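Numbering (the numbering used here), first residue to last: 38 to 204.
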């Protein structure tokens with residue numbers, strides 16, 4: 038059925054740092070991987086905000102004093118300098134166009150191959166993703182499915198190479 042999770046999501050959960058599951062999983066244990074950034078003048082600190090690989094391109098472009106063309110990443114420079122990310126920032130995970138997840142604010146929705154909702158978690162109160170709130174939050178679920186579908190539709194038309202830097 039289309040709600041079937043990939044095999045790696047059905048394996049017994051293992052303790053990976055502080056979260057359940059391991060790499061290649063859309064659960065928090067597979068997504069929370071440390072990133073270390075160092076350059077002169079950057080104050081050392083731990084930032085517990087999610088970022089994705091695509092965020093590095095616009096970050097490096099902004100550090101270089103240029104502006105990146107539209108892409109699916111967001112510069113982390115403001116966050117690295119002690120500021121905050123936009124409140125509506127979302128991250129989309131869909132390994133091999135299969136079962137996926139989307140994060141928005143403190144919410145995370147798991148969905149099947151046809152974007153059928155599977156589980157909804159509030160990560161501030163449930164980072165281990167044990168308390169499924171899908172039935173209790175239909176508006177949040179609908180909003181996240183809409184964000185995921187829109188982003189997936191846009192991503193289908195994107196080229197696989199990095200965009201050229203704009204002026």
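Glycine included, every Cβ here is placed at the ideal spot set by N, Cα and C. Quantities reported herein were computed from a predicted structural model and do not represent experimental measurements.
Can you tell me which of the three DSSP states residue i falls into?
i	result
residue 170	coil
residue 103	coil
residue 187	helix
residue 114	helix
residue 138	strand
residue 178	helix
residue 192	helix
residue 72	coil
residue 86	coil
Residue range of the alpha helix (DSSP H) that residue i falls in?
i	result
residue 95	93-100
residue 157	No alpha helix (DSSP H) holds residue 157; the beta strand (DSSP E) holding it covers 154-159.
Which word fits residue i, buried or exposed, when buried means at least 16 other C-beta atoms lie within 10 angstroms of its C-beta?
i	result
residue 172	exposed
residue 190	exposed
residue 100	exposed
residue 110	buried
residue 113	buried
residue 153	exposed
residue 79	exposed
residue 74	exposed
Could you spell out the range, first to last residue, of the beta strand (DSSP E) harbouring residue i?
i	result
residue 144	144-148
residue 130	127-130
Three or more C-beta pairs closer than 8 Å, one from the region 112-122 and one from the region 134-153: is that the case here? With the cut-off at 8 Å, the region 112-122 and the region 134-153 do not touch.
Any chance the region 159-169 sits against the region 136-145, with 3 or more Cβ pairs inside 8 Å? yes
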